[in-house]
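Trainee:
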């Protein structure tokens, strides 16, 4: 199964996985550990996984859309946080519009607290 695991693009230096998600003054971005764990489990199970850490790599939405188009995933997993939730939902919606038959899953603190 083709799966996209995404830490969505947002503001420059925005660190979603840290304890208090925010734009960091130092530019230090925390590694999205939970997403990386999921990627490892999925790859071990034999799935084709594309992991995009957009904030760390400086990718914008257009790049993410193009890479998603090339993968044509069956499943899209997107991380969220409370400060970035409107952006995260918007990005996931655009990818869902692109890959209409894909299942889209939002993960993270905000969607876990208010399912």
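In this note's numbering, the protein residues as written are 61 to 175.
Idealized CB from N, CA, C, for every residue including glycine.
#1: With contact counted as at least three CB pairs below 8 Å, one residue from each stretch, are the segment 108-122 and the segment 158-173 in contact?
#2: Mark residue 91 as exposed unless 16 or more other C-beta atoms lie within 10 angstroms of its C-beta, in which case mark it buried.
#3: Taking only three categories from DSSP, how would you classify residue 73?
#4: Along the beta strand (DSSP E) that carries residue 153, what are the first and last residues, could you check?
#5: Compute the Euclidean distance between the alpha carbons of residue 146 and residue 130, then round it to the nearest angstrom.
Mentor: So, from the data block:
#1: no
#2: Here residue 91 corresponds to residue number 31 of the chain shown, with the count starting at 1. Classification of residue 91: exposed, given that the 10 Å Cβ count is below 16.
#3: Your numbering for residue 73 matches position 13 in the chain shown. Residue 73: coil per DSSP, three-state reduction.
#4: Taking the first residue of the chain shown as 1, we reach residue 153 at position 93. Residue 153 -> not in any beta strand (DSSP E); alpha helix (DSSP H) instead, spanning 145-158.
#5: The residue labelled residue 146 in the question sits at position 86 within the chain shown. The residue labelled residue 130 in the question sits at position 70 within the chain shown. Residue 146 and residue 130: Cα-Cα distance of roughly 25 Å.
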